[in-house]
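Our numbering puts the first residue of the sequence shown at 9, with every later residue one more than the last. Where is the CB? At the ideal position from N, CA and C, for every residue including glycine.
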Amino acid sequence: MPSTAYLVTARKYRPQTFSEVVAQEHVTDTLKNAIRLDRLAHAYLFTGPRGVGKTTAARILAKAINCSTPASERIDAAEPCRTCDSCRSFEQGRNMNIIEIDAASNNKVEDIRELRETVRVPPQGNRMKVYIIDEVHMLSNAAFNALLKTLEEPPPHALFIFATTEPHKVLPTIQSRCQRFDFRRIAVTEIVEQLKQICTEEQVDVDEASLVLIARKGDGAMRDALSVFDQAVSLCGTTITHDTLRSALGVVDDDLYFRATQAVLHSDAAAMIQLVHTVVRAGYDIQEFIDGFSEHLRNLLVAITMEDLSLVDASTRMKERTAEHAREFSESTLMALIHIAGETADTLRTARQPRLRLEMALLKMASLPSALDLKSMLDIATRLEQKADREGIHLTVETQGSSPAKPARPASGTPQPSTRAPTAPDSQAAPPTPTAPDSQAAPPTPTAPDNQAAPPTPTAPDNQAAPAPPPESSRVTTMPSPALNVKPAILRRPRNDTDQRPEAGVEAAVVDTDELGVLQEAWVRLTSDIMESRKQIGSLLSHSSITTFSARTVTLAVPADFHARTLSAERSKLAHRLGELSGIHVDTIRFEVSPPDQDTAHSGQTDVDDRAFLEQKSEEYPAVRALIERFNGEPTW
């Protein structure tokens with residue numbers, strides 16, 4: 009039999025002083041100052057995730073309090089010396105004045121009553137009697153209530169330290185009697201540094217990628233990372249390689265993530281289907297794959313937006329590969345991909361066919377670049393049309409296969425404005441109209457009802473010129489249908505100001521509209537959602553449109569001041585909801601009043617005077633007026 013039993017790394021390298029605790033300086037520094045100044049509380053509550061050092065810090069605090077070495081001879085006048093009888097007896101498990109209690113197995117009220125009896129006994133050979141209660145949230149309500157009086161007025165020689173991962177389950181009356189310290193998750197880089205020191209002590213050869221993998225598997229907990237390290241040493245021995253470790257731990261290969269984003273760039277649907285087959289055949293968990301892919305997309309976004317890659321938890325080689333691959337993407341594309349991945353991760357947990365759900369999500373990602381390009385072109389066309397309308401430019405596109413008629417040019421005479429003949433109802437017949445000679449152009453003739461005599465239409469004499477068509481500047485020339493990447497033909501309508509080059513205004517409208525297009529699409533969905541729950545606001549939003557997006561500010565065109573005043577109260581909610589739907593950060597919304605054209609605005613009731621319209625109807629209809637008077641109502645929009 010060997011003289012010493014094997015200890016797992018987490019126990020063998022458990023911190024014994026405050027300085028050895030990793031990444032919890034905000035707690036250890038405060039506790040050392042309290043010891044140095046002799047300002048110790050009678051109860052402490054240590055909270056935080058598992059494996060971050062709560063119980064370890066409690067043991068060190070208890071050991072430092074009862075250390076018999078003078079403060080002047082101790083490090084920082086607060087660290088335990090580890091050489092006195094008190095420190096040695098505690099580390100060897102012989103100290104009777106430091107009591108550790110597991111609340112999960114001692115959660116009854118009888119256990120707390122027994123503790124109340126023993127706490128009265130003063131310590132033997134030490135300064136204080138310390139009770140460390142781990143997982144204190146497991147105590148029953150009766151046990152908590154039994155502890156209240158003792159915790160409020162404990163004996164001067166007693167000190168309580170509670171540790172829990174779920175502080176919200178601890179009664180507020182207990183929390184109010186304790187000093188609370190929140191332990192934080194440990195960063196990957198800090199876990200890697202600790203693992204390097206342990207590898208040096210244990211003489212284990214390991215590469216950086218393997219250390220990062222072990223640290224990430226720890227998920228912010230040092231104890232979990234050390235457990236994975238023990239598993240890696242048991243598998244690989246004193247030489248740990250990344251490929252062997254990844255295969256043993258069942259971690260998804262990073263190359264699969266790069267294959268997925270490469271398929272997105274090339275819109276390769278077949279590659280996406282094959283990728284899902286590879287994931288399933290290799291035995292990877294689909295949920296773990298989509299979570300890892302979301303992190304991969306996040307790393308690409310970080311590489312685009314930031315020069316410093318310290319926020320990417322990966323090896324140096326992987327950071328360089330991520331930065332190089334990220335140059336092929338735009339921010340809007342990556343945000344759209346992250347949005348799809350996030351939705352898929354949420355639905356996979358309850359999906360009846362996870363593989364099919366993953367395939368549909370990846371196929372949607374593969375079709376995203378084409379959809380963005382088409383949407384961008386449609387948005388450019390819409391902006392060109394709006395720009396042309398403001399500048400008085402008429403855009404005409406000839407569809408393939410059509411043959412536009414060319415207007416006849418007059419030989420002489422003054423131009424006459426052409427008029428459209430009003431059409432008669434179906435019950436009315438139009439009388440015959442005399443025709444003009446072949447050399448003359450007959451102007452259109454209005455039709456008349458049956459019971460009304462139509463005046464004769466004089467014919468033009470031979471020597472009289474036919475009416476001339478509209479001026480050259482007002483004619484519309486029909487151009488052939490352009491390709492998607494070619495600007496459409498543009499002609500000017502008649503205008504009073506001096507002629508200007510139209511290309512300048514059109515070129516100004518052609519800008520990078522990726523983000524604007526995504527926002528406009530999200531605005532349509534937002535309007536539809538609000539219309540179902542709040543018809544008043546939804547109706548106002550249906551008359552508005554997003555025109556520009558600059559400096560994280562969306563410019564919203566509304567038809568009247570009434571819309572701007574009403575929607576201003578919803579500005580922050582609309583901006584937040586728009587950002588969620590589009591995946592684009594929107595700080596605020598600016599309203600721009602753009603009244604509709606006079607020729608398109610109807611002469612009847614408008615959106616602005618709907619309140620007056622309702623009041624008018626209440627006067628016309630007695631039933632409406634009676635309802636308003638009976639219920640003390642008020643017409644609203």
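Lys581 and Glu529 have their alpha carbons spaced roughly 18 Å apart. As the crow flies, the alpha-carbon of Met280 is around 51 Å from that of Phe170. Excluding five sequence positions before and after His250, the CB atoms of its chain that fall closer than 8 Å to its own CB belong to Asp215, Ala217, Ser218 and Leu221, given in chain order.
Per DSSP, reduced to three states, the secondary structure at Gln361 is coil, with no helix or strand assignment.
With a 10 Å radius around the Cβ and a threshold of 16 neighbouring Cβ atoms, Asp522 comes out buried. In the three-state reduction of the DSSP assignment, Ala51 falls in the strand class.
With fewer than 16 other beta carbons inside 10 angstroms of its own, His593 counts as exposed.
Secondary structure of Thr173 (DSSP, three-state): coil. In this structure, Ser94 places its C-beta atom within 8 Å of the C-beta atom of Ser76. Contact annotation: Ile120 and Ala70 have beta-carbon atoms that are not nearer than 8 Å.
Measuring C-alpha to C-alpha distances from Ala568 to each of Phe599, Ala150 and Pro23 identifies Phe599 as the nearest. Using a C-beta cut-off of 8 Å, the region 12 to 26 makes no contact with the region 118 to 135, since fewer than three inter-stretch Cβ pairs fall below that distance.
According to the DSSP assignment, Arg224 belongs to no beta strand (DSSP E) but to the alpha helix (DSSP H) extending over Glu216 to Gly226.
Between the region 300 to 317 and the region 545 to 559 there are fewer than three C-beta pairs closer than 8 Å, too few to call the two in contact. With contacts defined as CB atoms closer than 8 Å, Thr596 and Arg585 fail to qualify as a contacting pair. Each residue's CA atom was taken as its position, placing Arg573 and Leu589 some 24 Å apart. Cβ-Cβ distances below 7 Å link Met104 to Gln132 in the same chain, with the five nearest sequence neighbours on each side left out; the list follows chain order.
Scanning Ile182, Glu143 and Ser148 for the CA closest to the CA of Thr158 turns up Ile182. Contact check for Gly591 against Ile298 fails: the beta carbons are separated by 8 Å or more.
The beta strand (DSSP E) runs of length 3 or more contained entirely in the region 130 to 161 are, from start to end of the chain, 137 to 142.
Taking 8 Å as the cut-off, the beta carbon of Leu167 is found no closer than this to the beta carbon of Leu283.
Taking the CA atoms as reference points, Gly291 sits about 20 Å from Val236. Beta-bridge annotation (DSSP): Gln187 is paired with Tyr52. Contact between Pro57 and Thr173 holds, with the beta-carbon distance rounding to 6 Å and staying under 8 Å. Under the three-state reduction of DSSP, Ser97 is assigned to helix. Residue environment analysis places Gln211 among the exposed positions, since fewer than 16 neighbouring C-beta atoms fall within 10 angstroms of its C-beta. Between Lys225 and Leu257, the gap from beta carbon to beta carbon is short of 8 Å.
A Cβ-Cβ contact shorter than 8 Å links Thr55 with Phe191. Counting every other CB atom within 10 Å of its CB across the protein chains shown gives Lys395 a total of 16 or more, marking it as buried. At the C-beta level, Ile538 and Leu524 stay beyond 8 Å of one another. In the DSSP assignment, Phe301 falls within the unbroken alpha helix (DSSP H) covering Ile294 to Thr313. Taking C-alpha positions only, Lys372 is separated from Arg329 by approximately 25 Å.
The residue among Arg124, Leu156, Glu351 and Arg193 with its C-alpha nearest the C-alpha of Phe301 is Glu351.
When the Cα atoms are used, Gln205 and Arg124 turn out to be separated by approximately 44 Å. Ala374 sits away from Ser242, with the two beta carbons spaced by 8 Å or more. Here His551 really is in contact with Val566; their C-beta atoms are around 7 Å apart, less than 8 Å.
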